[in-house]
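Numbering-wise (numbering that gives the first Met the number 0), the sequence shown opens with residue 0 and increments by one.
Virtual Cβ for every residue (Gly too), placed ideally from N, Cα, C.
Notes to accompany the following structure.
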Amino acid sequence: MADIGEEAAISGLLGGLERAPDGVWQVTRALLASPAVAGWLHGEPGAPASSEQGPWSALEALWASSRPGRRALIRTSARSGANALLGAFCLHLTQRGLARVAFIPISVHGGMADPSIWVAALHARLGALTSRKASERALAPRVADDIRPILDGDENPEIPLLLVLDGAHENDDPAVWSRIGWTAGLPEHVSVWVSVDDDAGVTAARWGEALDWLNGWSEVVLEMPSERSVAALPDDVDAETVCVLSAASGPIAEAELVQIVGGDRAEARVGATLRELDPWLCRTAYGTAFHHRALGKDLALRLGPPGDARGRALLTSHVRATLDGRSEGRGAPISRADYAIRYGSMHFLRHDATAEELDRVIAEPMRAAWEPLDGGAFGFRALVVAAWRRSHAAFGEATSEAARGRCMVQALRLRTIFEQLTTSLVHALPEMVAGAIREGIFQPDAGIELAKPLSENDRLRLWRAVRPAVSEADALWPTPLLREADRAVAGIEASGASATRSAHERDRRDVVLRELKSRRVAKALVIGALRRIAERLRSPAREEVLLLAARRLAGLHPERRALWAALLAPLYPEERRAERLEDVDAQISTLPKLGDRLEVLTERLLGTSAGASAIVQRAMGWLLSSERFPLTAQRLLFHVPESEWNRLVPEEARALVRRWQGESRGSADALGPLRCARLPPWLAAEVQDAPLAEVRERTDVSDRNYVASELVSFVTADVRAELARMFFSEPPEAFRGQDRAIENWAESATLEELRYIHQKVLPCMGSQIDDALAALSRRAVKLGDRDLATSFCAAMEGDDDRRQAELEIALALGSFSDVERLVRPDLEDEEASGMLEMVGKALKSEEGAARFAALVRGAARASNRLSAWAAVFPSLSPEARERLSAAVADTVKEVLREPPEESDDTLCSMFPWMSEESLCDVWRERASPEAWRPTIAEITPLFTYDRRYDNGACLDTLLLRLGGEAALVAWARTLAELDDWFSEIGPGPEEG
Numbered sequence: 000m001a002d003i004g005e006e007a008a009i010s011g012l013l014g015g016l017e018r019a020p021d022g023v024w025q026v027t028r029a030l031l032a033s034p035a036v037a038g039w040l041h042g043e044p045g046a047p048a049s050s051e052q053g054p055w056s057a058l059e060a061l062w063a064s065s066r067p068g069r070r071a072l073i074r075t076s077a078r079s080g081a082n083a084l085l086g087a088f089c090l091h092l093t094q095r096g097l098a099r100v101a102f103i104p105i106s107v108h109g110g111m112a113d114p115s116i117w118v119a120a121l122h123a124r125l126g127a128l129t130s131r132k133a134s135e136r137a138l139a140p141r142v143a144d145d146i147r148p149i150l151d152g153d154e155n156p157e158i159p160l161l162l163v164l165d166g167a168h169e170n171d172d173p174a175v176w177s178r179i180g181w182t183a184g185l186p187e188h189v190s191v192w193v194s195v196d197d198d199a200g201v202t203a204a205r206w207g208e209a210l211d212w213l214n215g216w217s218e219v220v221l222e223m224p225s226e227r228s229v230a231a232l233p234d235d236v237d238a239e240t241v242c243v244l245s246a247a248s249g250p251i252a253e254a255e256l257v258q259i260v261g262g263d264r265a266e267a268r269v270g271a272t273l274r275e276l277d278p279w280l281c282r283t284a285y286g287t288a289f290h291h292r293a294l295g296k297d298l299a300l301r302l303g304p305p306g307d308a309r310g311r312a313l314l315t316s317h318v319r320a321t322l323d324g325r326s327e328g329r330g331a332p333i334s335r336a337d338y339a340i341r342y343g344s345m346h347f348l349r350h351d352a353t354a355e356e357l358d359r360v361i362a363e364p365m366r367a368a369w370e371p372l373d374g375g376a377f378g379f380r381a382l383v384v385a386a387w388r389r390s391h392a393a394f395g396e397a398t399s400e401a402a403r404g405r406c407m408v409q410a411l412r413l414r415t416i417f418e419q420l421t422t423s424l425v426h427a428l429p430e431m432v433a434g435a436i437r438e439g440i441f442q443p444d445a446g447i448e449l450a451k452p453l454s455e456n457d458r459l460r461l462w463r464a465v466r467p468a469v470s471e472a473d474a475l476w477p478t479p480l481l482r483e484a485d486r487a488v489a490g491i492e493a494s495g496a497s498a499t500r501s502a503h504e505r506d507r508r509d510v511v512l513r514e515l516k517s518r519r520v521a522k523a524l525v526i527g528a529l530r531r532i533a534e535r536l537r538s539p540a541r542e543e544v545l546l547l548a549a550r551r552l553a554g555l556h557p558e559r560r561a562l563w564a565a566l567l568a569p570l571y572p573e574e575r576r577a578e579r580l581e582d583v584d585a586q587i588s589t590l591p592k593l594g595d596r597l598e599v600l601t602e603r604l605l606g607t608s609a610g611a612s613a614i615v616q617r618a619m620g621w622l623l624s625s626e627r628f629p630l631t632a633q634r635l636l637f638h639v640p641e642s643e644w645n646r647l648v649p650e651e652a653r654a655l656v657r658r659w660q661g662e663s664r665g666s667a668d669a670l671g672p673l674r675c676a677r678l679p680p681w682l683a684a685e686v687q688d689a690p691l692a693e694v695r696e697r698t699d700v701s702d703r704n705y706v707a708s709e710l711v712s713f714v715t716a717d718v719r720a721e722l723a724r725m726f727f728s729e730p731p732e733a734f735r736g737q738d739r740a741i742e743n744w745a746e747s748a749t750l751e752e753l754r755y756i757h758q759k760v761l762p763c764m765g766s767q768i769d770d771a772l773a774a775l776s777r778r779a780v781k782l783g784d785r786d787l788a789t790s791f792c793a794a795m796e797g798d799d800d801r802r803q804a805e806l807e808i809a810l811a812l813g814s815f816s817d818v819e820r821l822v823r824p825d826l827e828d829e830e831a832s833g834m835l836e837m838v839g840k841a842l843k844s845e846e847g848a849a850r851f852a853a854l855v856r857g858a859a860r861a862s863n864r865l866s867a868w869a870a871v872f873p874s875l876s877p878e879a880r881e882r883l884s885a886a887v888a889d890t891v892k893e894v895l896r897e898p899p900e901e902s903d904d905t906l907c908s909m910f911p912w913m914s915e916e917s918l919c920d921v922w923r924e925r926a927s928p929e930a931w932r933p934t935i936a937e938i939t940p941l942f943t944y945d946r947r948y949d950n951g952a953c954l955d956t957l958l959l960r961l962g963g964e965a966a967l968v969a970w971a972r973t974l975a976e977l978d979d980w981f982s983e984i985g986p987g988p989e990e991g
């Protein structure tokens, strides 16, 4: 590969970082273009790039000896300029085309120490290096830090890939190393170099188990030339200013620094100190920080024994005061709290915040504080993820049910907030984003962050709308992004596309707010979740949750409000239930649409028919006088109590049934009166006349037979005999192509009819009739004729259908040996979970269930074993369950390694029989931030991987088993709190 110029090499090393957060592109470019890097690259006197001795040669030797998957720890001395050396060597490799290089200088600028920034930069850079698809994945809303999916998806593995993390000792969160994804080895073409300041004491004594990932790494010590050491730091500076800067997690604006330092003449002291320290400071758009944190720490130690401990205390106090002020609605001006919001809150959350304070950090005041900085969705989202990780880790340390429950609810709260923020971002239309920038909701530089999750076409649309508002001189917009925006605008103009603003772009501020920031769940989902929780609780906890649900009814449309009131009413204590039901009946009467009234009344009757006589009689009157039968009428009439039918005048009852049959939208609805067990005997007898008339009026033979087959299961013996006479009066060859009619008839066929079908009809029916044969076989099994069932089974064409029929015969009429013979092939089949589960449910005897449970141990796939055990465990004795407990626990661990969308159903089905330890394993694995998927498509019974609050009954079971009723009530309160919170952000969509 031909050499490239230095500027081209710098641009190459920066590829992808323009989409990294918080000024990473600017800081990295400043380092790579610095004189110090140029000196190493071109060879200054005393340290030429071509020298045979010294650190450059050490790096060349390290690169020359690199083998596939090489991992090296590079130790350097503090303030020696080693980061410039590493940057220069990365440029050297890039210029000569020797490798693709991801260079992430963690130690250059205080803000980079935060993993939410430097890991995001690493993802963005690797995405740009490996493939277009990986690049899009890297820009998606991210929780997991794992880089392995990007490395494993590399489309150019023939070209070496080198990851260089400079200054790893500055990383703020040691736990990130266990999540980064290289501890278990690397793809063969990837190497990793990690540099640390040897003076910083990066030892196991300092970081403990966090450094276990370094085991087995080769080590290189760079002896830096003394000429490159930084000149002595000045002594005549303000101690508290230096201590605060040295302890800071990121840059601090001068005005905010004055506020933090405080005291007499704070402004003058701070200003003089910043001027004195100017050569050692990094100036960014967000404020000032030491070029290297080690510089500040050295100076802080010289200025007083506590070193930067005093600075940490002042910063923590400042963050707490900012949180207190915002929680009480008296926040400091944004210009004087940028550090507290942008950097301090993250450090405080990780290291100083109590569990109670954590909830205060992740709350609306902090989200609102982030909004002027980046629109509120990015920095705040990083806070949410960090808090989520902390809560999830705390679960493993909990020693009581109460503590465990608190950790679970807190983690669920944070997960739900993250999902809400992520979904609102992913679904935001580019025109809406542009509108938000124009309206002042977001600052122009927020377009960098807002563009990340968008597709390429959507990003182009965003640039077109936003580019006119961005100046070339704006340092917050890296040149590559400006060029991309310019290309997008030029392309649109060249195509002659209209420059007219879209309807979305013309929307005013309130519409933009609603669509962009309030794409939240319908309130009905929250009410449904609260109702489900209330069903699991006893008084008085149930009443508290019902009250939370009832308070949300006011936000619904009248018909939805009445429907949910009907669903909630039966859960109230007996002394309050009648009052609630009366209120539901009153709401039903006021609904303008008849269909809505009938729908709500049906739900009311399904809950309880107590006290419903008056409203039911009114509904009967509405139906008799209506011009058209609503679709909801059939369902209501099916559930009307017999006593209410008897209250009608007979002619009115007959008229209702006639309309029920005559105005139904299909034969299934017309069967309603026949299937209804609540009709009075006299009316049910009259209804029996209709089937024969229905069949007789059909002139087409196949049509007549099909209608007869649908009706035969619901008529009296006399009517059935007449239907059978008509059905079987046709010659056998008339049933060709009528397998659906035979399938329906099989459900209630007599043995004599089954034998006739087998002998006369089947030979004339043709092929592809396995569904009909399966129904005939099942009916023969139910009637106890094994030979006849086997004959139907043998006629099946499909192997799977035939094997299932054989199993059904063996389960009902054979021995366990027959079952075992048929099941054994399924033990090795990874797709056979349904078959094993069917067998488990069918085995009712304790002996057969125990033998099957033991047999299932041999199933190859863990989820197959677990689903089969979940089906058979209800039939096992306590002793048999205990014998399997160890195997179940091991299998749960195996299932947890399978994708959630493939295994959560199985896990949830086994919850009633799992040990507490196994349930804890499920929580630790599935509730982890690392398990979250950046998509709205993957929904399982345990968790939804989108913004919905309704996580399903399985989650409630997990909370109840591990945290008790208190945890379930706390989760209900949290759902209500989150609903209130997101409702306040904007008007939101129409409620459903």
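CB contact flag (residue i, residue j, <7 Å)
| i | j | result |
| --- | --- | --- |
| residue 864 | residue 890 | yes |
| residue 416 | residue 383 | yes |
| residue 966 | residue 958 | yes |
| residue 992 | residue 795 | Look at the range of the chain in this structure, 0 to 991, and you will see that residue 992 is not part of it. |
| residue 953 | residue 907 | yes |
| residue 233 | residue 287 | no |
| residue 121 | residue 149 | no |
| residue 164 | residue 238 | no |
| residue 81 | residue 35 | no |
| residue 662 | residue 713 | no |
| residue 547 | residue 975 | yes |
Beta-bridge partners of residue i, as assigned by DSSP
| i | result |
| --- | --- |
| residue 102 | 163 |
| residue 281 | 288 |
| residue 251 | 287 |
| residue 73 | 194, 219 |
Exposure of residue i, with buried meaning 16 or more beta-carbon neighbours within 10 Å
| i | result |
| --- | --- |
| residue 857 | exposed |
| residue 633 | buried |
| residue 296 | buried |
| residue 538 | exposed |
| residue 862 | buried |
| residue 799 | exposed |
| residue 2 | exposed |
| residue 529 | buried |
| residue 602 | buried |
| residue 675 | buried |
| residue 344 | buried |
Whole-Å CB distance - residue i paired with residue j, under 8 Å assumed
| i | j | result |
| --- | --- | --- |
| residue 171 | residue 346 | 7 Å |
| residue 1028 | residue 255 | Nothing in the structure corresponds to residue 1028, since the chain is present only between 0 and 991. |
| residue 775 | residue 822 | About 23 Å separates the two Cβ atoms, so there is no contact after all. |
| residue 885 | residue 916 | Not quite, the Cβ-Cβ distance comes to about 11 Å (not below 8 Å), so this is no contact. |
| residue 223 | residue 316 | In fact, because the Cβ distance is near 38 Å, the residues do not count as touching under 8 Å. |
Validate contact between the segment 870 to 880 and the segment 894 to 903 using beta carbons, cut 8 Å, 3 pairs: No: fewer than three Cβ pairs fall under 8 Å.
Can at least three beta-carbon pairs, one atom from the segment 85 to 105 and one from the segment 150 to 169, be found at a separation below 8 Å? These segments touch.
Three or more C-beta pairs under 8 Å: does that hold for the segment 679 to 686 against the segment 651 to 659? Flag = yes, the segment 679 to 686 and the segment 651 to 659 touch.
Three or more C-beta pairs closer than 8 Å, one from the segment 234 to 245 and one from the segment 269 to 276: is that the case here? Inter-segment contact for the segment 234 to 245 and the segment 269 to 276 is present: three or more beta-carbon pairs are separated by less than 8 Å.
With three or more C-beta pairs closer than 8 Å as the rule, is the segment 10 to 20 touching the segment 52 to 66? In short, these stretches do not touch, since the Cβ pair count stays below three.
At least 3 beta-carbon pairs within less than 8 Å: the segment 585 to 595 vs the segment 604 to 612: Touching, no.
Examine the Cβ distances between the segment 833 to 849 and the segment 805 to 813 and report whether three or more of them are shorter than 8 Å. Because the criterion of three Cβ pairs below 8 Å is met, the segment 833 to 849 and the segment 805 to 813 touch.
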